[in-house]
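Colleague: FYI, full-length UniProt numbering numbers position 52 of the sequence shown as 52, with every residue one higher than the one before it. A virtual CB, placed ideally from N, CA and C, is assigned to each residue, including glycine.
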Amino acid sequence: MLIIGLTGGIGSGKSAAAARFAEKGIHIVDSDQVARDVVAVGMPAYQAICEHFGTEILQASGELDRAALRRKVFDDEQQRLWLEDVLHPVIRDETCRQLDASASPYTLLVSPLLLESGQVALVHRICVVDVPEPIQIERACARDHNDEDQIRAIMKAQCSRKTRRLQAHDIIDNSRDLAHLYAQVDHLHQTYLQLAEQRTQLDDALF
């Protein structure tokens, strides 16, 4: 199974790119959705977070208030590191389970922290959705209704644009419109289908 890691900074447009791949019938494993699943009410990670941070990071429904939690961890590096130590192992386990269950020609692992979290070890190829930082900040502020300082704090906690580009096998330029984005995804889809077929043939020859 060929696994492509799709990553990019906050506001880069990973979700739009992933949605286009999904339209092609490609199975998507979204690390953000996995992260939400593992902190659902009653899950072990949910219990650990509540015990550590208290009820102030809960909504009235009892679910985590992700915005409140985000403010806490991005204002305090030690708290962010604690949360990552709790979440990364359980996210990895659930991610591996979903990857193993995929039946599409290749699988897309969408992860904003692909390089930082060690999830890069799960993929065979890295695709980066890239935009200049001013556009990244503008889009993230408009989408999340956060102020620029908070977006910059999140960006600081992620690896740099330069690092992502250096690690990438493929780069999608999302500085223009959706048509431009989709054209690049469509081209990469064909490339990945070919790579997946080559990998299958090699596996068959070896085993």
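Looking only at C-alpha atoms, which of E77, I171, W82, V110 sits nearest to V131?
Modeller: If we check each option's Cα against that of V131, I171 comes out closest.
Colleague: Would A168 pass as a contact of C127 if the rule is Cβ separation under 8 angstroms?
Modeller: A contact, by the Cβ cut-off of 8 angstroms.
Colleague: Whole-angstrom Cβ separation of Y182 and R36, contact assumed at under 8 angstroms?
Modeller: Wrong, their Cβ atoms sit about 27 angstroms apart, outside the cutoff.
Colleague: What first and last residue would you give for the alpha helix (DSSP H) that runs through D37?
Modeller: First-last of the alpha helix (DSSP H) with D37: 31-38.
Colleague: Less than 8 angstroms between C-beta atoms, sequence neighbours within five positions excluded: which residues of the same chain meet that for R164?
Modeller: Cβ within range, chain order: T7, G8, G9, L115, V128, D130.
Colleague: Can you tell me whether P112 is buried or exposed? The criterion is at least 16 other CB atoms within 10 Å of its CB, across all chains shown.
Modeller: The residue in question, P112, is buried, as its Cβ has 16 or more Cβ neighbours within 10 Å.
Colleague: For V90, report the span of its alpha helix (DSSP H) as first-last.
Modeller: 77-100 is the extent of the alpha helix (DSSP H) around V90.
Colleague: What first and last residue would you give for the beta strand (DSSP E) that runs through C127?
Modeller: 125-130 is the extent of the beta strand (DSSP E) around C127.
Colleague: Please state whether DSSP places V41 in a helix, a strand or coil.
Modeller: It is coil, neither helix nor strand.
Colleague: Going by other Cβ atoms of all chains shown within 10 Å of its Cβ, with 16 needed for buried, is Q136 buried or exposed?
Modeller: Q136 comes out buried.
Colleague: Kindly indicate the opening and closing residues of the alpha helix (DSSP H) around D149.
Modeller: 148-157 is the span of the alpha helix (DSSP H), which, as asked, contains D149.
Colleague: May I ask you to list the residues that DSSP assigns as paired with H27?
Modeller: T107, per the DSSP bridge assignment.
Colleague: Quick check: the Cα distance between A60 and F53, rounded to an integer number of angstroms?
Modeller: So the alpha carbons of these two residues sit roughly 16 angstroms apart.
Colleague: Going by C-alpha distance, which of P105, I91, E138 is nearest Q119?
Modeller: Of P105, I91, E138, the residue nearest in Cα terms is I91.
Colleague: Considering only DSSP beta bridges, list what I10 is partnered with.
Modeller: Per DSSP, none; premise fails for I10.
Colleague: DSSP puts D170 in a beta bridge; with which residues?
Modeller: Paired residues: C127.
Colleague: Just checking my contact of residue 230 with A16 at CB under 8 angstroms: how many whole Å lie between their CB atoms?
Modeller: Residue 230 lies beyond the range of the chain shown here (1 to 207); nothing can be said about it.
Colleague: To the nearest angstrom, report how far apart R70 and I57 are at their CA atoms.
Modeller: Rounded to whole angstroms, R70 to I57 spans 9 angstroms at the Cα level.
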